[in-house]
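Report on one structure; see the data block that follows.
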Amino acid sequence: MNRNILLTTMLVAVVFMSSCGPASSAETASDSPAAYIENKGSDTIVNLALAWAEQYQSDHPNIRISVTGGGSGTGIAALVNGTVDIANASRKIKQEEIDQAKANGIDPVEHIIARDAIAVIVNPENPITQLTLKQISDIYSGKIVNWKEIGGEDRPIVRLSRETNSGTHVYFLETVLRLGSKEDKTLFSMDTLLLPSSEGIIAEVRQNPNAIGYDGLGYVPKDLKKIAIAKEDGGAYILPSIETVNDKTYAIARDLYMYTNGQPQGIIKEYLDWILSSEAQQIVADLGFVPVK
Amino acid sequence: MEKSLNWREFIITRLIKASGYSAILFVALIFFFLVREGVPAFAEVELKSLFNIRWYPIEEYFGILPLITGSLIVTIGATFIAVPFGIGTAVYISEIAPRWMREILKPLVELLGGLPSVVLGFLGILVLSPFIRVFLDLPTGLTALTGSILLGGIAVPTVVSVAEDALDAVPRAYREGAWALGATRWQTIWRVTLPAAKSGVLTGVMLGIGRAIGETMTVMMVTGNAPVLALKLASIISPVRTMTATIAAEMGEVANGSTHYHVLFFIGIVLFLISLGVNIAASSVVFRAKKRAERILS
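Here the protein sequences come in this chain order: A and B.
Numbers 417 to 709, taken from my numbering, label the letters of the first sequence in order.
Numbers 125 to 422, taken from my numbering, label the letters of the second sequence in order.
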């Protein structure tokens with residue numbers, strides 16, 4: 417009986433403390449009142465955004481940042497509906513989304529917060545070290561079916577891709593297979609293996625000398641071979657790295673965005689400025705993305 | 125006193141009856157929901173393109189034939205593995221194995237049945253698929269065959285436990301009768317025990333096949349998910365994409381109410397109808413067997 421009472425008291429105390437904890441600390445911790453930032457969108461960015469929010473909150477205890485994923489489209493839709501302060505997106509906002517936002521009295525402003533290189537990888541046994549974008553396009557569309565056609569061994573090519581719902585898949589389709597041309601209707605060859613995870617691609621490339629795959633640079637382990645890529649025939653072959661992404665010589669890299677309603681002000685401006693600081697950009701590099709500076 | 129007992133009796137029987145009927149209700153509700161979400165696919169996609177050979181939903185190619193053939197070939201492969209192994213194991217456990225062996229084997233088989241399929245899929249990626257690629261000299265080890273082998277492993281425990289129960293239920297007098305006529309052990313198993321337990325064994329096989337059709341996680345991890353039409357015998361050693369893996373992989377990202385969403389539900393209907401077909405086939409076989417047994421006995 418005694419123990420029960422003790423337990424109940426403790427529980428009540430814990431609930432009480434946790435319920436008024438943030439409010440009281442915000443009143444006493446600093447001169448500015450507690451502030452909230454809602455941050456939502458791309459699943460590619462969500463881990464990065466979480467790491468940033470965690471670091472920023474521990475430096476600024478009076479600011480709360482809530483981060484959720486759900487996909488670039490979800491984030492932008494929330495911005496258009498005015499329910500988030502910052503939308504994360506791994507793609508540019510579309511014109512119809514801008515129109516929709518304008519109709520709701522919202523003015524999306526774009527901020528490039530990091531970059532993401534996509535590395536084309538093969539098994540270390542594969543003698544191929546460099547390819548042109550056109551060759552990669554031909555491999556994935558099924559025009560090239562054997563490694564010997566591009567100077568490799570006599571082996572069939574096994575094409576690995578992410579699932580069609582992945583933003584990376586769509587980016588790869590538009591930038592590599594169709595070489596950035598909107599009229600081009602090239603599709604992935606039907607026998608392309610669509611693997612549900614980055615890990616699946618890496619496991620297959622690691623053990624299969626026939627395979628070719630692609631993945632975010634940060635996901636690629638050191639024991640797999642990254643292909644140097646030339647934008648056009650006769651161009652220089654460039655390996656993916658932080659430097660080659662930032663000087664735009666590496667062909668398959670994309671910007672990652674945050675969108676705000678109008679030019680950011682107050683704490684949102686402070687947060688975005690901090691994101692572009694060297695401290696926050698170091699977190700970008702630590703997570704395998706490419707810093708913008 | 126008498127009255128309250130009656131009351132309790134009344135409530136308990138109704139409750140039991142209701143939970144029995146609830147199964148019908150649940151299946152009907154699930155089917156109703158599938159139809160409601162899946163049938164709009166017919167309005168949005170032409171029938172001709174729905175039964176086409178190209179599946180690439182982000183460019184509006186909604187041909188589900190590769191997915192159906194993919195599911196079928198993986199399931200047939202799994203059946204060929206699970207049936208002989210499953211029945212063989214059941215016969216060994218119930219007829220041949222000494223008592224101590226039985227005590228070890230039964231819980232082991234049940235443990236196998238309880239393995240999470242994602243674990244098997246992981247083993248499939250890391251161990252089985254590289255082995256199959258090297259052993260059969262294929263371009264890749266992520267094939268229908270890899271899926272079939274793992275699915276066979278998943279279906280075996282189901283087949284074994286149901287079939288073993290059925291074999292166990294065959295009266296001892298049947299076997300003794302056979303032995304008394306001078307039949308060998310094998311003749312007794314093949315001509316007496318197995319036929320006597322036929323309906324139970326068949327139920328086990330059908331449940332195992334049902335398990336194989338519906339399995340998702342392992343298949344998604346090891347079959348390569350390439351939506352290629354699988355019509356030839358050689359398709360067993362090439363990558364395929366099954367209906368379940370397609371639903372699982374794409375459900376998360378489709379916009380609610382879009383064409384893609386409706387087509388995924390339509391695939392759900394097809395899957396539902398296939399498992400219904402398997403079940404009907406199973407019960408009609410069992411039913412016929414019962415009828416014949418009654419005729420012989422009367």
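The C-beta atom is built at its ideal place from N, Cα and C for all residues, glycine as well.
Note that this is a predicted model, so its numbers are computed, not measured.
| Pair within 9 angstroms by beta-carbon distance, residue 329(B) and residue 210(B) | yes
| Could you give the residue range of the alpha helix (DSSP H) that holds residue 458(A)? | Looking at the DSSP string, residue 458(A) is not in any alpha helix (DSSP H), and its letter there is neither H nor E.
| Secondary structure of residue 677(A), DSSP reduced to three states | Reduced to three states, the DSSP call for residue 677(A) is strand.
| Is residue 631(A) helix, strand or coil when you go by DSSP? | Residue 631(A): strand per DSSP, three-state reduction.
| request: Please name the residues in the stretch 337-361 of chain B whose beta-carbon is closer than 8 angstroms to at least one beta-carbon of chain A, in chain order. | output: 344, 345, 348, 349, 350, 351, 352
| said: I want to see whether chain B comes within less than 9 angstroms of residue 699(A), judged by CB atoms only; does it? | reply: Answer no: the Cβ-Cβ gap between residue 699(A) and chain B never drops below 9 angstroms.
| Sheet register partners of residue 527(A) (DSSP bridge) | Residue 527(A) is bridged to 674(A).
| task | Could you spell out where the beta strand (DSSP E) holding residue 645(A) opens and where it closes? | result | From DSSP, the beta strand (DSSP E) with residue 645(A) extends over 644-646.
| field | Contacts around residue 273(B), its chain only, beta-carbon distance under 7 angstroms, and the 5 residues preceding and following it disregarded | value | 205, 252
| said: With three or more beta-carbon pairs closer than 8 angstroms as the criterion, would you say the stretch 355-374 of chain B touches the stretch 134-144 of chain B? | reply: no
| Inter-stretch contact (C-beta, 8 angstroms, three-pair minimum) for the stretch 617-629 of chain A and the stretch 560-576 of chain A | Segments in contact, yes.
| said: I need the straight-line Cα distance from residue 268(B) to residue 629(A), nearest angstrom please. | reply: Between residue 268(B) and residue 629(A), the C-alpha separation is close to 20 angstroms.
| message | To test your reading of the DSSP string, which unbroken alpha helix (DSSP H) runs of 4 or more residues are found completely within the stretch 173-221 of chain B? | response | If we require 4 residues or more, the alpha helix (DSSP H) runs fully inside the stretch 173-221 of chain B come out as 189-215.
| Hey, out of 314(B), 339(B), 150(B), whose CA is closest to residue 240(B)'s CA? | 339(B)
| message | Output needed in chain order: residues of the stretch 562-577 of chain A with a Cβ under 7 angstroms from some Cβ in chain B. | response | 572, 574
| request: Determine whether the Cβ of residue 240(B) lies closer than 9 angstroms to any Cβ atom of chain A. | output: no
| query | When we look at the beta-carbon of residue 350(B) and count the other beta-carbons within 10 Å, is it buried (16 or more) or exposed? | reply | buried
| task | Output, in chain order, the set of chain B residues within a Cβ distance shorter than 9 angstroms of residue 624(A). | result | 253, 254, 257, 263, 264, 265, 266
| Three-state secondary structure (DSSP) of residue 399(B) | helix
| query | Do residue 558(A) and residue 544(A) have their C-beta atoms within less than 9 angstroms of each other? | reply | no
| Backbone secondary structure at residue 354(B) - three-state DSSP | Residue state, collapsed to three classes: coil.
| query | Could you give the distance in angstroms between the alpha-carbon of residue 666(A) and the alpha-carbon of residue 654(A)? | reply | 6 angstroms
| task | Using 10 angstroms around the beta-carbon of residue 341(B), count the other beta-carbons present and answer buried if the total reaches 16, otherwise exposed. | result | With 16 or more neighbouring CB atoms inside 10 Å of its own CB, residue 341(B) falls in the buried class.
| field | Close beta carbons around residue 596(A), own chain, < 8 angstroms, minus the five adjacent residues each side | value | 590
| task | Could you list the residues in the stretch 167-186 of chain B with a C-beta less than 9 angstroms from some C-beta on chain A, going in chain order? | result | Residues passing the 9 angstroms Cβ filter: 177, 178, 179, 180, 181, 182, 183, 185.
| request: Quick one: list the residues of chain B neighbouring residue 631(A), beta-carbon separation under 9 angstroms, in chain order. | output: Simply none; closest approach about 16 angstroms.
| request: Specify the secondary structure class of residue 485(A) as computed by DSSP and reduced to three states. | output: strand
| Count the other CB atoms within 10 Å of the CB of residue 691(A); is the residue buried (16 or more) or exposed (fewer)? | buried
| message | When you compare the CB of residue 165(B) with every CB in chain A, is at least one pair closer than 9 angstroms? | response | no
| task | Please determine, among 178(B), 196(B), 185(B), the residue with the shortest C-alpha to C-alpha distance to residue 368(B). | result | Ranking the options by Cα distance to residue 368(B), first place goes to 196(B).
| In whole angstroms, what is the alpha-carbon distance linking residue 532(A) and residue 462(A)? | 13 angstroms
| query | Using CA coordinates, which residue listed in 151(B), 250(B), 256(B) is at the minimum distance from residue 361(B)? | reply | 256(B)
| message | Check whether chain A comes within 9 angstroms of residue 235(B), counting only Cβ atoms and requiring the distance to be less than that. | response | no
| At a cut of 8 angstroms, does the stretch 380-390 of chain B reach the stretch 151-171 of chain B through at least three beta carbon pairs? | yes
| task | Taking 9 angstroms as the cut-off, decide whether the C-beta atoms of residue 220(B) and residue 233(B) are in contact. | result | no
| said: Taking a contact to mean a Cβ-Cβ separation below 9 angstroms, would you say residue 645(A) touches residue 580(A) in this structure? | reply: no
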